[in-house]
Amino acid sequence: MKEKEKIHVHPAVNFIYLFVILMTIWMALTRSLSPPELIAGFAVSLVLSLLLYRNFEKAGFPPIPGLKKIGYSLLYAVVLLKEIILANLDVAYRVLHPKMPIKPGIVIIKTGLKQDLAKLILANSITLTPGTFTLDIEDDRLLIHWINVKTDNVEEATRMIGERFERYLRIIFQ
Numbered sequence: 343m344k345e346k347e348k349i350h351v352h353p354a355v356n357f358i359y360l361f362v363i364l365m366t367i368w369m370a371l372t373r374s375l376s377p378p379e380l381i382a383g384f385a386v387s388l389v390l391s392l393l394l395y396r397n398f399e400k401a402g403f404p405p406i407p408g409l410k411k412i413g414y415s416l417l418y419a420v421v422l423l424k425e426i427i428l429a430n431l432d433v434a435y436r437v438l439h440p441k442m443p444i445k446p447g448i449v450i451i452k453t454g455l456k457q458d459l460a461k462l463i464l465a466n467s468i469t470l471t472p473g474t475f476t477l478d479i480e481d482d483r484l485l486i487h488w489i490n491v492k493t494d495n496v497e498e499a500t501r502m503i504g505e506r507f508e509r510y511l512r513i514i515f516q
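Per my numbering, residue 343 is the first one in the sequence shown, and the count goes up by one each step.
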């Protein structure tokens, strides 16, 4: 099967896309629609967009998303939040009940993601869920410290740790 050709878009489109992303992040973080906050966010987003838009494609960001990719990105955020909450509860339970068994160890999982940025997001998502920590990424393998190793089989560990995130990242970064 032929690999898809990379889609190149006009630099002005990358600038606008990056500006909208940065402004959205600013508004989400400040949670304010007051004029001074919006002006500051506009200024910061504008300067960063002017400095960074040329490197947008080189950084591995996916092309401008359609509704499907936007939907999967939002769904990914919900899944990540759910997994973080569940992992926090699991680790808290282990702390409060010290007799609960733990079996810390290091496992290898494999990823089908090709883009470095997608692998980085997968690794950070795994690290954000308490009980797992990404130690290294090499080619298609991630080295993971796991608080309670349930298997040392690569395929099983991949299914249990990485697949819950990777299924969304595949679509977002295709």
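Built from N, CA and C at the ideal position, the CB exists for glycine as well.
* Measure the Cβ-Cβ separation of N356 and R396 and say whether it is below 9 angstroms. => yes
* **Delimiting residues of the beta strand (DSSP E) encompassing D478** => 474 to 480
* Asked: To the nearest whole angstrom, what separates the beta carbons of K445 and N490, a pair I think is in contact under 8 angstroms?
  -> Indeed they touch by this definition, with Cβ atoms about 5 angstroms apart.
* Asked: Can you pull the DSSP bridge partners for W368?
  -> None; W368 has no bridge partner.
* **Proximity winner among F475, A419, E497, D494, relative to I514 (alpha-carbon distances)** => A419
* Asked: Terminal residues of the continuous beta strand (DSSP E) containing K452?
  -> 447 to 452
* Short check: CB of I503 to CB of V449, under 9 angstroms? -> yes
* Of the choices S374, W368, R373, whose alpha-carbon is the least far from that of A385? -> Restricting attention to S374, W368, R373, the CA atom closest to the CA of A385 is found in W368.
* Buried or exposed (CB count within 10 angstroms, at least 16 for buried), A354 -> exposed
* Using a Cβ-Cβ cut-off of 7 angstroms (strictly less than) and excluding sequence neighbours within five positions of I463, which residues of its own chain qualify? -> L511
* With a cut-off of 8 angstroms, do at least 3 Cβ pairs link the segment 478 to 494 to the segment 450 to 458? -> yes
* Between I414 and L371, what straight-line distance do the alpha-carbon atoms span, to the nearest angstrom? -> Here residue 414 turns out to be Tyr, not Ile, going by the sequence shown. One C-alpha to the other measures close to 21 angstroms.
* Assuming L392 and F507 form a contact by the criterion Cβ under 8 angstroms, report the distance between their Cβ atoms to the nearest whole angstrom. => 32 angstroms between Cβ atoms; not a contact.
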